[in-house]
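In the working numbering, the protein residues as written are 15 to 87. Here the structure is laid out as structure tokens; the discussion comes afterwards.
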Amino acid sequence: MATTPAAVTSSGMISNQDPLFLNIDTRNNVYDFHLQENSPALGAGVSAGTETDLDENPRDTNFPDLGAYEATF
């Protein structure tokens, strides 16, 4: 017997927008997922209890950036 999944609500996301990663070059296998200064992902996240990003930079506790890296500019 199939069950219907619970309703999903979401926040902390951007839809149909380029996140403006710093450098994605698939031909040369370059993938830098840091955010550019005008990225719509800046401050668009929700706190998940993670204190640092992958570079060990502190996360904003109220409005973190979306993605693996918190902006430091």
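The beta-carbon is built from N, C-alpha and C at its ideal position, and this holds for glycine as well. Fair warning: this is a prediction, and the values are worked out from it, not measured in the lab.
**Q.** Close beta carbons around Ser53, own chain, < 7 Å, minus the five adjacent residues each side
**A.** The residue labelled residue 53 in the question sits at position 39 within the sequence shown. So the qualifying residues of the chain are Pro33 and Leu34.
Q: Whole angstroms is fine: what's the gap from Glu70's alpha carbon to Glu84's?
A: Reading the sequence shown from its first residue, position 56 is the one you call residue 70. Reading the sequence shown from its first residue, position 70 is the one you call residue 84. The straight-line gap from Cα to Cα measures roughly 9 Å.
Q.
If the criterion is Cβ atoms closer than 8 Å, does the pair Leu80 and Ala62 meet it?
A. Here residue 80 refers to the residue found at position 66 when the sequence shown is read from its first residue. Here residue 62 refers to the residue found at position 48 when the sequence shown is read from its first residue. It is not a contact, given that the beta carbons lie outside the stated cut-off.
Q. How is Ile38 classed by DSSP in three states: helix, strand or coil?
A. Reading the sequence shown from its first residue, position 24 is the one you call residue 38. Looking at Ile38 - three-state DSSP - the assignment turns out to be strand.
Q.
Relative to the C-alpha of Ser29, which candidate in Ala58, Pro78, Thr86 and Asp67 has its C-alpha closest?
A. Here the question's residue 29 lines up with position 15 in the sequence shown. When each option's Cα is compared against that of Ser29, the closest is Ala58.
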